[in-house]
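When you line the sequence shown up against this note's numbering, it's residues 1 to 426, in that order. The C-beta atom is built at its ideal place from N, Cα and C for all residues, glycine as well. Take a look at the structure below.
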Amino acid sequence: MTHVVVLGAGVGGVAAAIEIRDELSKQHQVTVISKLESFQFTPSNPWLAVSWRKPEELTVPLGPVFKKKGIAFIPVGAKRVHPEENHVELEDGENVHYDYLVIATGPRLAFEEVPGLGPHGGHTHSICTLDHAVTASKAYEEFCKDPGPIVIGAAPGVSCFGPAYEFAMILDTDLRRRKIRDKVPMTYVSSEPYVGHLGLGGVGDTRGMLETAFRERHIKWIVNAKTTSIEPNLLKCSELDDNGQVKKEHDVSFKFAMVMPAFKGVDATMGIEGLVNPRGFIVIDKNQRNPKYRNIFGIGVCVAIPPVEATPVATGVPKTGYMIESMVTATAHNISALVDGREPTEMGTWNAVCLADFGDKGVAFVARPQIPPRNVNWASEGRWVHLAKIAFEKYFIRKVRMGQSEPVYERYIMKLLGVERLRRAL
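Next comes the structure, spelled out in structure tokens:
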């Protein structure tokens, strides 16, 4: 019997466990380790933070799902991975041994890299987790009783810019519906070299689309911004020029702020030589395997991907759902091959597919591959994106609840965007 352990139960971890279970015969065991007892649909956190969703609408209890699929579930956090001994040490002192380990932990949120950043003793909010979004929603409701300036931003080293854009636009939409938008100056402060860079060097005309959206919504912006500290109601940042020299210092006041933090690897794997890079991200080869520990695979936000290009302020590369889904499928097939005594050959795709909701419309883009030059470099906008994001939310949560392993992005998003024919042509 082969024992496959999946560490993490987010978008990548849950999908990996279900797909691996479907790939392997019943004689083999699949176990999921996660400190969270429920799946949380992170892409909807911007809606949750303005009370357009309730937490229970975005969660699925994992115990019943995994039991139905024949997957063991340990709802305890991992303290340390011991790759030399092939076991995971849990926070309760127990050890879980594995033949193959799939690391899908997501990131650790590096709030400590900017003084005053974050909801834990800092002065800004976050939408990176469901709990953070709930906290932000409570603060936002109080803010609306006595509104003032808002700052939305992305700190140095951020790789996930989409939620910041979404939240800025959704806030604008919600404030207009409440008829208090005229009382709320808004500023977007980002480490990107320009609006619409997204950590990808731009996709299609995302620069033009997002700059136009900001202008239409009266949102000012500061880019090439190195946020240095955050004080109560004040964000301090240095705006750099293209050579990385300080162009201007800014003190941006706010009454409500959400600033995305940079990501790092989780404590359970941090510093393990050969497994992770200096920031703690899992090092993988083209088949999702770690080059040193060949029975360990990495998928999702926790894997190491080089930046698209050098930027004056550090930016990372996003790992979008389509990319994560392809990593999951490649990993499941490769573990199945190894169990059968064959060499792994499947590879994930380095492509980005994204639906960015603005509350009433939105922007969709496809970058294939993520790193230019690209075969597909496409972006579009309209109300259809908002509606598509809602439909995708319902579709994905239902997929988890039903324990299905179907490739959502391939079967839904790519066809929705009308680029399935492009995929077949590549």
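Worksheet item: So does the stretch 108-122 actually touch the stretch 17-30, counting three or more Cβ pairs closer than 8 Å?
Response: No, because fewer than three Cβ pairs between the stretch 108-122 and the stretch 17-30 fall closer than 8 Å, the two stretches do not touch.
Fill in: Contained alpha helix (DSSP H) runs [length at least 4] in the stretch 129-182, N- to C-terminal order
Qualifying alpha helix (DSSP H) stretches, in chain order: 130-145, 162-177.
Worksheet item: Measuring CB to CB, does L48 end up less than 8 Å from V339?
Response: Within the sequence shown, the letter at position 48 stands for residue 48. Within the sequence shown, the letter at position 339 stands for residue 339. In terms of Cβ geometry, L48 and V339 do not form a close pair [threshold 8 Å].
Worksheet item: Could you give the distance in angstroms between the alpha-carbon of L448 and the alpha-carbon of G359?
Response: The question about residue 448 has no answer here: the residues shown for the chain are numbered 1 through 426.
Worksheet item: Is it buried or exposed for S229, if we count other Cβ within 10 angstroms and need 16 for buried?
Response: Against the sequence shown, residue 229 aligns to sequence position 229. So S229 ends up on the exposed side.
Practice prompt. Just tell me which of E56, V96, V32, V76 has its CA closest to the CA of K67.
Written response: In the sequence shown, counting from the first residue as 1, residue 67 sits at position 67. Closest by alpha carbon: V32.
Worksheet entry | Same chain, Cβ closer than 8 Å to N86, five either side skipped, listed in chain order | For the purposes of this step, residue 86 is identified with residue 86 of the sequence shown, where counting begins at 1. Excluding sequence neighbours, N86 sits near H97, Y98, D99, L101, N295.
Practice prompt. Pair every Cβ in the stretch 271-281 with every Cβ in the stretch 317-327, then say whether three or more of these pairs are closer than 8 Å.
Written response: Short answer: they don't touch.
Fill in: Residues bridged to Q29 (per DSSP)
Numbered from its first residue, the sequence shown carries residue 29 at position 29. Under DSSP, Q29 takes part in a beta bridge, and its partners are H3.
Worksheet item: Which residues in the same chain as R374 place their Cβ atom closer than 7 Å to its Cβ, once the five residues preceding and following it in sequence are excluded?
Response: As a working note, residue 374 is residue 374 in the sequence shown. For R374, same chain residues with a beta-carbon under 7 Å away, outside a window of 5 residues either side, are A367, R368 in chain order.
Item to complete: Would you kindly work out how many angstroms separate the C-alpha atoms of A154 and E343, rounded to a whole number?
Response: Indexing the sequence shown from 1 puts residue 154 at position 154. Indexing the sequence shown from 1 puts residue 343 at position 343. The alpha-carbon atoms of A154 and E343 are separated by roughly 41 Å.
Item to complete: Enumerate in chain order the residues of its own chain whose CB-to-CB distance from D92 is below 7 Å, with the five nearest sequence positions on each side excluded.
Response: In the sequence shown, the residue the question calls residue 92 occupies position 92. Sequence-distant partners of D92 (beyond 5 residues in either direction) whose C-beta falls short of 7 Å from its own C-beta, in its chain, are V76.
Discussion item. Taking 8 Å as the limit between beta carbons, can you name the residues of its chain near T2, skipping five residues before and five after?
Written reply: Counting from 1 along the sequence shown, the entry for residue 2 is found at position 2. A distance below 8 Å between beta-carbons, with the five flanking residues on each side excluded, links T2 to the following residues of its chain, in chain order: L24, H28, Q29, D99, Y100, V339.
Worksheet entry | Top-ranked residue by Cα proximity to E84, from K292, W384, K264 | Walking along the sequence shown from the start, residue 84 turns up at place 84. Among K292, W384, K264, the Cα nearest to that of E84 belongs to K292.
Practice prompt. Would you identify the three-state DSSP class for N243, choosing helix, strand or coil?
Written response: If you number the sequence shown from 1, residue 243 lands on position 243. Three-state result, N243: coil.
Worksheet item: If you draw a straight line from the alpha carbon of G313 to that of E94, how long is it in whole angstroms?
Response: Walking along the sequence shown from the start, residue 313 turns up at place 313. Walking along the sequence shown from the start, residue 94 turns up at place 94. According to the sequence displayed, residue 313 carries Val and not Gly. Answer to the nearest angstrom: the Cα atoms are 42 Å apart.
Practice prompt. Please determine, among V308, G271, S51, C160, the residue with the shortest C-alpha to C-alpha distance to I170.
Written response: Residue 170 sits at position 170 when you count from the first residue of the sequence shown. Answer by Cα proximity: S51.
Discussion item. For V223, which residues in the same chain have their Cβ closer than 7 Å to its Cβ, ignoring the five residues on either side in sequence?
Written reply: Sequence index remark: in the sequence shown, residue 223 carries index 223 (1-based). Cβ neighbours of V223 beyond the five flanking positions: S190, E192, P193, Y194, V195.
Discussion item. Let's see if you can read the secondary structure: which residues bound the alpha helix (DSSP H) around P373?
Written reply: The residue you call residue 373 lines up with position 373 of the sequence shown. Per DSSP, P373 belongs to no alpha helix (DSSP H) and is neither H nor E.
Worksheet entry | Beta-carbon spacing of M209, E393 below 8 Å | Position 209 of the sequence shown, counting from 1, holds the residue named residue 209. Position 393 of the sequence shown, counting from 1, holds the residue named residue 393. Result no, Cβ atoms of M209 and E393 do not sit closer than 8 Å.
Fill in: Backbone CA spacing between V308 and K145 [nearest angstrom]
Taking the first residue of the sequence shown as position 1, residue 308 is located at position 308. Taking the first residue of the sequence shown as position 1, residue 145 is located at position 145. Distance between the alpha carbons of V308 and K145: 42 Å.
Discussion item. Could you give the first and the last residue of the continuous beta strand (DSSP E) run that contains S190?
Written reply: Along the sequence shown, read from residue 1 onward, the residue named residue 190 stands at position 190. Start and end: 186-190.
Item to complete: Helix, strand or coil for H431, going by three-state DSSP, please let me know.
Response: What is shown of the chain runs 1 to 426, which leaves residue 431 out entirely.
Worksheet entry | Distance between beta carbons of L62 and F509, contact taken as under 8 Å | No information on residue 509 is available, as it lies outside the stretch 1 to 426 that the chain covers here.
Discussion item. Just to confirm, is the Cβ distance from V328 to G12 under 8 Å?
Written reply: As a working mapping, residue 328 is identified with position 328 in the sequence shown. As a working mapping, residue 12 is identified with position 12 in the sequence shown. Cβ distance < 8 Å, so V328 and G12 count as in contact.
Practice prompt. Can you say whether R215 is buried or exposed, counting buried as having 16 or more other CB atoms within 10 angstroms of its CB?
Written response: Position 215 of the sequence shown, counted from the first residue, corresponds to residue 215. R215 should be labelled exposed.
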